[in-house]
Amino acid sequence: MSPSSAAAFLRFTFWTLLISPAVSLTCSTQKFNKNQVFSTCIDLPSLSSYLHFTYDSPIATLSVAFVATPPKSGGWIAWAINPKANGMVGSQALVAYKNSTTGVPVVRTYDISSYSSIVPKDLSFVVWDKTAESRSDGSLISGYAIGVAGWGTGLKLGSESPGIMYSGHRNIGIALFVLATVQIFALFLRPNKDHKYRFYWNIYHHGVGYAVLVLGILNVFKGFDILNPDRKWKLAYMIIIIALGAISFLLEAITWVVVLKRKSGKSNKPYDGYNNGQGGRQTLAT
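Residue numbering for the sequence shown is -24 to -1, 1 to 262, as defined by mature numbering (1 follows the signal peptide of the UniProt record, and there is no 0).
Have a look at this one:
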């Protein structure tokens, strides 16, 4: 098939995954929310990126998942092909990034016709099921690693301080380590979004997460009481915690508003008569 005919008839399914720099993944360990499986995966030699794809030659359909780490928090990633020539001009690009207002990952298509004007535009071939995912597992794993380091430091200090025992501080530290460990392993048992037990898993996951936060803050105050530093240190810590708590509360409220609006929109969506109202492909607006 010539490049021009490929551009005319190739239908395309595109997934993209934005991952945290802390997440060390390979093709064999990467998973997608809808359990999408691809026949081939390549660990690309640059940008810590990966390309999964499946080509169905009888119907000229290509399914692709591009996995990469944005250069910075709030950054974007892109994947493009040029069916006509080498270079950027003429390339068909898909760009994924987090919406600055909602924080939800989105995908946009760009038909790069020149370097002077780069705006969202439909591609020269049909693209459906454009999906972007963002993984927060990286920050969670980083937080756990830091917690393990702190717990190990506490054990070392305790072993070098015979006769000195702060039971409350020690017991809270052990509880934090246990809860954080359970939280990490729970990720491997996370049901799919449409699974009937996902609701209960979310309650458990959030509950344990909030418990870890509360116990962690409490244990820091226990440490202040033990060390008895200048009052300014405790005051500075309290100000930081209050500020972070206010920001977290605001973001949590915004997230729930977005979720409730989405659920309301889905429940009001009319039946389209396709596949009993299920399984129809949704194309992301560009």
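Beta carbons: idealized from backbone N, C-alpha and C, even for Gly.
Of the choices the options, whose alpha-carbon is the least far from that of residue i?
i    : options                : result
T157 : S135, K169, H181, N168 : H181
L227 : L20, I53, F14, S76     : S76
K237 : P205, T78, S24, R166   : T78
I202 : A61, Y142, T16         : Y142
P47  : L23, I217, N62, A61    : L23
S49  : A219, P81, I215, V233  : P81
L155 : I179, W177, G183       : G183
F161 : S89, W177, V233, A219  : W177
T107 : F164, I216, Q12        : Q12
Throw me the rounded Cβ distance for the residue i and residue j pair, which I believe falls under 8 Å.
i    : j    : result
A69  : A56  : 4 Å
A41  : F14  : 6 Å
G192 : Q159 : Contact doesn't hold; Cβ gap of about 12 Å is too wide.
N195 : I148 : 4 Å
V188 : L152 : 6 Å
If the criterion is Cβ atoms closer than 8 Å, does the pair residue i and residue j meet it?
i   : j   : result
R84 : V71 : yes
L38 : Y31 : yes
Y26 : W52 : no
Can you give me the Cβ contacts of residue i inside the same chain, cut-off strictly under 7 Å, excluding the 5 residues immediately before and after it?
i    : result
P96  : R84, T85, Y86, T262
G199 : H145
Y173 : P167
F164 : none
Identify every residue that forms a DSSP beta bridge with residue i.
i    : result
D19  : Y26
Q68  : I57, D87
Y176 : According to DSSP, which records beta bridges pairwise, Y176 is partnered with nothing at all.
V82  : Y73
W52  : Y73
A151 : None; A151 has no bridge partner.
Give every residue of the same chain whose Cβ lies closer than 6 Å to the Cβ of residue i, excluding the five residues on either side of it in the sequence, and list them in chain order.
i           : result
N58         : G66, S67
residue 267 : Nothing in the structure corresponds to residue 267, since the chain is present only between -24 and 262.
Is any beta-carbon of chain B found at less than 8 Å from that of residue i?
i   : result
L38 : Here there is only one protein chain, and chain B is not present.
Quick one: what's got a C-beta closer than 8 Å to residue i's C-beta in the same chain, skipping five residues either side?
i    : result
T231 : G79
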